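If you count by the UniProt record's numbering, then the sequence shown holds residues 1 to 224, one letter each, in order. Note that CB positions come from ideal geometry on N, CA and C, so glycine has one too. Given the structure is predicted, the values throughout are model-derived calculations rather than measurements.
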Amino acid sequence: MKHFFIIAGGKIEDAFAIEVLKGFAEKTVIAADSGMEFLRRNEIVPQVIIGDFDSVSKETLEWFQKKEGIVWHRLNPQKDDTDTEFALRLAISMGAECITVLGGTGSRLDHVLGNIELLGIGLELGVEIELLDANNRIRMTDNGMVLKKEEQFGKYVSLIPYTAQVEHLYLAGFKYPLADYCLKGFCSIGVSNEITEEQAEITFENGILIVIESRDDAAMADES
């Protein structure tokens, strides 16, 4: 499976991100605009750089310009889509089958919500896309999901309806199971569930779910 990493300009905890990147021997790294700052700090050279570079320091730009073998895509600052969306679509055009976005979350909630919206590109084009930070893995599904306890990212699993409702929802292997439930928007019943069996299953008909696996800072410290 061709795995791509997009390094965006949101919050990145360096130690966590470096560990994630080290876990994939075969990968393609795309720097999206100010995601270049993280890469420069850690002396990581991506295969591709894309952006309008309006939020990148002069020193960082010059550092990368001295590196050989990088493919550059300079965007017009007056554009409709974000640098992250351009990077996602570029990765897919390059044959990506799975994309992990680091730096796609942080204090700018407009960017966070916008990046969650971009997960839908994966549903449209048949590509697995996830937003990943030290505390959360965020994915989107329109046909259910199987979560294995030994592979779970964090203690909690939250299900947020992206569409007005998600019909005939079944949850098996969770602390709080559901059967033939209609999960509607504007409620929090899907928040902070937990996997109790070796394998948990999410099945439903008609709708789209945002699936968030999360962990507290203390739990993260215990694992490190």
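According to DSSP, simplified to helix, strand and coil, what is residue i?
i, result
"G207", "coil"
"E37", "helix"
"Q47", "coil"
"K148", "strand"
"I189", "coil"
"D14", "helix"
"L61", "helix"
"A87", "helix"
"V56", "coil"
"E213", "strand"
"E26", "coil"
"E68", "coil"
"E223", "Interpretation of E223 is limited by its pLDDT of 49, a score under 50 that renders its predicted location unreliable; the figure taken from the coordinates is listed afterwards. E223: helix per DSSP, three-state reduction."
How would you write the range of the alpha helix (DSSP H) that residue i sits in, first residue to last?
i, result
"D80", "Looking at the DSSP string, D80 is not in any alpha helix (DSSP H), and its letter there is neither H nor E."
Where does the unbroken beta strand (DSSP E) through residue i begin, and where does it stop?
i, result
"F5", "H3 to I7"
"E128", "E128 to L132"
"R74", "V71 to R74"
"T141", "N136 to T141"
Opposite residue i in the DSSP bridges: which residues?
i, result
"E201", "V146 and A172"
"L184", "For the record, residue 184 in the displayed sequence is Lys; it is not Leu. DSSP lists Q165 as partners of K184."
"L178", "L171"
For the stretch 89-124, list the beta strand (DSSP E) runs that are entirely contained and at least 3 residues long, ordered along the chain. Runs of the beta strand (DSSP E) inside the stretch 89-124: 98-102.
Contact the stretch 169-188 vs the stretch 103-120: 3+ CB pairs below 8 Å: Contact between the stretch 169-188 and the stretch 103-120 is absent, with fewer than three C-beta pairs closer than 8 Å.
Do the stretch 129-137 and the stretch 183-191 make contact, defined as three or more Cβ pairs closer than 8 Å? With a cut-off of 8 Å, the stretch 183-191 and the stretch 129-137 do not count as touching, because too few Cβ pairs lie within range.
Specify whether the stretch 63-74 and the stretch 105-112 touch according to this definition: at least 3 beta carbon pairs, one from each stretch, less than 8 Å apart. Not touching, per the Cβ criterion.
Are the stretch 83-101 and the stretch 37-44 touching by the rule of at least three beta carbon pairs closer than 8 Å? Taking one beta carbon from each stretch, the stretch 83-101 and the stretch 37-44 have fewer than 3 pairs nearer than 8 Å; the two do not touch.
Check whether the stretch 136-143 and the stretch 209-216 touch, using three or more Cβ-Cβ pairs below 8 Å as the test. Between the stretch 136-143 and the stretch 209-216, the count of C-beta pairs closer than 8 Å reaches three or more; the two stretches touch.
Counting pairs of Cβ atoms below 8 Å between the stretch 122-129 and the stretch 149-156, do you hit three or more? The way I'd put it, the stretch 122-129 doesn't touch the stretch 149-156; fewer than three beta-carbon pairs between them come closer than 8 Å.
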